[in-house]
Every structure is written in C-alpha cells, then in structure tokens.
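See below for the structure under consideration.
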Amino acid sequence: SSSSSSSSNERTAPAFGETRGRENQKGRTPRRRTTPTLDSSLSKATRVTTRQMKEMSTLQAKCFFTPILGPNSPLDQLSMLLFQGDVYDTLMEKFKYVEQDRFAPLAVTRKNRMRNGETTTETRKDGSISDTGIVGVAEVSIQRDVLIGRSIMKFKDLEEANSEYAYVSCMCVDEEYRKMGVATDLLRESEIVAKKWGFDLLCLHCYEDNIPGISLYKQVGYEEVLTDMSLKSPLDILLRKRKVLMCKDL
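Each residue of the sequence shown is one higher than the one before, counting from 28 in this note's numbering.
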C-alpha cells in the first residue's frame with residue numbers, strides 16, 4: 028500500500044481512540060502473550076536509510092514475485108527484472124513522505140561482522156549479495172479509507188468514524204531467516220512508530236488462507252476486524268483470495 032498523498036505535515040484528524048479510554052472498549056483487557064524473541068545474530072528493527080532502499084526493494088521483489096512458468100524461464104526472468112524496478116520506484120515515491128511522518132520503512136539486519144576493519148558482505152544461497160545485511164522489512168504508513176474507518180469505529184467502540192489510520196504493510200522476511208523472530212520484531216517497531224505518530228491502533232491485512240501469518244498476528248495481540256469482499260483487489264479476485272483486516276490496540 029502506498030502512503031497517503033496528503034502534503035500536510037500534520038494529520039487533520041485525531042488518532043483513533045482519543046474520544047474514549049481503553050477501559051470502555053467492549054470490556055477487553057490486554058492479555059500477556061509469549062512471543063518469539065529475535066535471534067542474537069540479528070539487530071533490532073530500525074529505520075531504513077536511502078542507501079538501503081535498493082536492498083529493501085530487492086528483498087520485497089524476491090518475496091512477492093510470483094513466477095508464471097518457472098525461475099529458469101526467460102519470460103519470468105524478464106518479468107522479475109521489471110518487477111524489481113517497479114518495486115524500487117514505488118518505494119522511492121513513498122520515501123518522500125518520511126519527513127512528514129506519514130511513512131516509515133523498517134528493516135531487521137544481520138549484526139555487522141568485521142574483517143580487517145571492514146564490514147563483510149554475505150552471499151546468499153540464491154547468489155545475491157547483501158552488503159547491509161537486511162533480512163526482513165516492513166512499511167508503516169498513514170492510510171485513509173472510509174470502509175476501514177467505519178470498521179475500526181465499531182472495533183474501538185468510538186462515537187465517530189475516522190478515515191485515517193496507521194497501517195503496516197509489505198512485510199517480508201528472507202527465507203533463510205524465518206522462524207528467528209524477525210517478523211515479531213518488525214511489528215514491535217511498527218507499533219512504536221504508530222504511537223509516536225499519535226495513533227493508539229495499528230492495522231494490517233492478511234490473506235485468510237495464510238494460517239501461519241494470522242496465527243502470528245493473533246499471538247502478538249492483533250484481532251480480526253473485517254473479512255469482506257470489498258477488501259479484494261483485482262489480483263485477489265483473479266487468484267480467488269480474500270483479505271482479513273486485523274488491528275491491535277497499542
């Protein structure tokens with residue numbers, strides 16, 4: 028999802044939940060959960076710099092690209108190159124909203140290993156080179172949607188709907204670093220960013236057939252808010268997929 032196109036440095040609407048306290052939210056009370064801890068070989072999630080944007084977009088393209096004929100197909104190889112370029116261009120467009128506190132790219136990286144005073148690079152199994160060591164990424168942005176605003180209004184038991192909300196998207200983890208607490212740490216930092224922006228709720232989408240993903244989100248405190256045909260994109264319709272809107276009180 029792309030960042031909101033508003034050019035204002037400040038939001039024009041209050042954050043969700045400012046009209047009522049947590050104790051009035053349908054009697055829900057926060058529950059303690061055991062969550063995966065980040066592997067000791069990795070550094071906690073931080074903001075991505077402009078120097079790291081290329082590597083971030085490369086990881087996203089690798090994780091999100093769906094081959095048609097196969098990885099060795101010339102058509103798919105060309106499609107992958109075009110897709111990588113599109114992902115990078117889109118990410119750089121979103122980066123324009125960083126200074127307005129409406130977009131924050133995040134990454135978990137390998138801890139630097141020094142050799143002869145220089146940071147070493149890593150060659151992955153697929154042959155790609157990682158110089159900054161990015162193993163997982165996520166994007167936090169401020170989005171605006173009337174349908175989702177109304178759904179959140181019911182979820183938070185608010186008196187009025189608010190069309191703006193904090194949203195985490197495009198999260199992915201390098202296959203070699205899964206089950207190492209990367210996604211959990213990216214969500215943790217995303218929640219910190221959302222709270223700094225003045226929101227007390229963070230939302231995300233997950234395909235309803237992504238059982239491991241939904242399980243992880245529930246484990247760290249997210250609740251299902253809406254499963255609806257209106258959340259489908261044209262690609263979702265083509266692939267017969269349906270999204271679930273999940274949110275967490277911060």
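Ideal Cβ positions, reconstructed from N, Cα and C, are used throughout, including at glycine.
None of these values were measured; they are calculated from a predicted model.
Could you say which of E251, M207, K245, M119 lies nearest to K71 if we only look at CA atoms? M207
Helix, strand or coil: how does DSSP classify Y115 here? helix
Tell me which same chain residues have a C-beta within less than 7 Å of the C-beta of V173, skipping the five on either side of it? S190
From R137 to L65, what does the alpha carbon distance come to, in whole angstroms? 11 Å
Which same chain residues, not among the five before or five after L277, have their C-beta less than 8 Å away from its C-beta? E218, A221, K222, F226, D227, L228, L229
Whole-number beta carbon distance between V162 and P132, since they are thought to touch under 8 Å: Not quite, the Cβ-Cβ distance comes to about 14 Å (not below 8 Å), so this is no contact.
Assign A188 to one of three DSSP states: helix, strand, or coil. coil
In three-state terms, what does DSSP make of I169? strand
DSSP three-state call for I161: helix, strand or coil? strand
Which residue wins for smallest C-alpha separation from E202, given the options F91, K81, T76, A188? F91
Please state if the CB of K81 and the CB of Y124 are separated by a distance shorter than 8 Å. no
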